[in-house]
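Participant:
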Amino acid sequence: GAGVSQSPSNKVTEKGKDVELRCDPISGHTALYWYRQSLGQGLEFLIYFQGNSAPDKSGLPSDRFSAERTGGSVSTLTIQRTQQEDSAVYLCASSRQGSQGASTDTQYFGPGTRLTVL
Amino acid sequence: AQKITQTQPGMFVQEKEAVTLDCTYDTSDPSYGLFWYKQPSSGEMIFLIYQGSYDQQNATEGRYSLNFQKARKSANLVISASQLGDSAMYFCAMRAYYKLSFGAGTTVTVRA
Chain V
1284 GAGVSQSPSN
1294 KVTEKGKDVE
1304 LRCDPISGHT
1314 ALYWYRQSLG
1324 QGLEFLIYFQ
1334 GNSAPDKSGL
1344 PSDRFSAERT
1354 GGSVSTLTIQ
1364 RTQQEDSAVY
1374 LCASSRQGSQ
1384 GASTDTQYFG
1394 PGTRLTVL
Chain S
57 AQKITQTQPG
67 MFVQEKEAVT
77 LDCTYDTSDP
87 SYGLFWYKQP
97 SSGEMIFLIY
107 QGSYDQQNAT
117 EGRYSLNFQK
127 ARKSANLVIS
137 ASQLGDSAMY
147 FCAMRAYYKL
157 SFGAGTTVTV
167 RA
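These protein sequence lines map, in sequence, to chains V and S.
Residue numbering for the first sequence follows the working numbering, starting at 1284 and increasing by one per position.
Residue numbering for the second sequence follows the working numbering, starting at 57 and increasing by one per position.
1) Apart from the five residues on each side of it in sequence, which residues of its chain come closer than 6 Å, Cβ to Cβ, to Leu1401(V)?
2) Determine, using beta carbons only, whether Pro1394(V) comes closer than 8 Å to chain S.
3) Does DSSP classify Gln1367(V) as helix, strand or coil?
4) Have a look at Leu1304(V), Lys1300(V), Leu1398(V) and flag the residue whose alpha-carbon is nearest the alpha-carbon of Ser1290(V).
5) Could you tell me whether any Cβ in chain V is nearer than 8 Å to the Cβ of Met101(S)?
6) By alpha-carbon positions, which one of Gly1325(V), Thr1365(V), Ala1314(V), Arg1379(V) ends up nearest to Thr1353(V)?
7) May I have the straight-line CA-CA distance separating Tyr120(S) from Ser136(S), to the nearest angstrom?
8) In the DSSP assignment, the beta strand (DSSP E) including Asn132(S) goes from what residue to what residue?
9) What residue from Asn1293(V), Tyr1316(V), Ile1309(V), Gly1325(V) has the CA that sits closest to Val1287(V)'s CA?
10) If we cut at 8 Å on Cβ distances, does Val1372(V) have a partner in chain S?
11) DSSP has Val1400(V) in a bridge; who is on the other side?
12) Can you say whether Asp82(S) is buried or exposed, counting buried as having 16 or more other CB atoms within 10 angstroms of its CB?
13) Using a Cβ-Cβ cut-off of less than 8 Å, give me the residues of the segment 65-95 of chain S that come near chain V, in sequence order.
14) Using alpha carbons as the reference points, say which of Ala149(S), Gly159(S), Thr165(S), Leu122(S) lies closest to Phe41(S).
15) When the Cα of Thr1389(V) is compared with those of Glu1368(V), Thr1396(V), Gln1380(V), which residue comes out closest?
16) Measuring alpha carbon to alpha carbon, tell me which of Tyr106(S), Lys129(S), Ser84(S) ends up nearest Tyr1391(V).
17) Applying a beta-carbon distance threshold of less than 7 Å, which residues of chain S neighbour Thr1387(V)?
18) Considering only the alpha carbon of each residue, which of Tyr88(S), Gln64(S), Pro65(S), Lys72(S) lies closest to Lys155(S)?
19) Against Ala1337(V), what residues of chain S qualify as contacts under a CB-to-CB distance less than 7 Å, listed in chain order?
20) Assign Val1295(V) to buried or exposed, taking buried as 16 or more other Cβ atoms, counted over all protein chains shown, within 10 Å of its Cβ.
21) Less than 8 Å between CB atoms is the rule here; does Ala160(S) satisfy it with respect to chain V?
22) Below 7 Å on C-beta distance, what does Gln1390(V) contact in chain S?
23) Counting only Cβ-Cβ distances shorter than 9 Å, please list the residues of the segment 1319-1332 of chain V near chain S, keeping chain order.
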């Protein structure tokens, strides 16, 4: 079946502009996650959605970052007033059960969006 | 808080030989899952293998096996019969509740 898809694959923007990154999870997966991968920080958790529950936003680095998940499926990560330190690869993952599952619940990742802020 | 340590930034291995990638972890949670992911130059994170904290046997998936030593808090990945396509970055990760915490990764280069 289809895996996690993300768009765009690459995004170059100017400092101060807003950007939107999109994630389509695997069909039937109730949990969706965003991570960021940067040279200095490695892989960092950003946000987690589980069904209709309130998302866990504890990993968002600033209030310029927000995310939503519409209809329990597609998710959009928005970064407002982008800064050069936002340059990174943004990875989306989905899993079947999330927190309602056991530790066996495997997260499957998309190809990522490489964001470059000039 | 969970912490994952991968002490080998890079490794070279000859084609057809085995390679072991080290991973140690620290957690106070009694129930957790350990995962290994492969990230080729294309950037996608590919799930390789899983080990649960209560599993009695070491996990195996094809050429991948996980050497799980719970008392030492280590979960080393063994890749047998290395292939050129195994050249990639490998990440060890731990899941407690739902978040994944990742190690810094190990770059593996397979030589012909």
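Note that beta-carbon positions come from the ideal geometry of N, C-alpha and C, so glycine has one too.
Facilitator: If we stick to the structure as given:
1) Glu1297
2) yes
3) helix
4) Leu1304(V)
5) yes
6) Ala1314(V)
7) 7 Å
8) 130-135
9) Ile1309(V)
10) yes
11) Thr1296(V)
12) exposed
13) Ser87, Tyr88, Gly89, Phe91, Tyr93
14) Examination of residue 41(S) is not possible in this model, given that chain S is present from 57 through 168 alone.
15) Gln1380(V)
16) Tyr106(S)
17) Gly89, Tyr106, Gly108
18) Tyr88(S)
19) Those do not exist, as Ala1337(V) stays about 14 Å from chain S at its closest Cβ, beyond 7 Å.
20) exposed
21) yes
22) Leu156
23) Gln1320, Gly1325, Leu1326, Glu1327, Phe1328, Tyr1331
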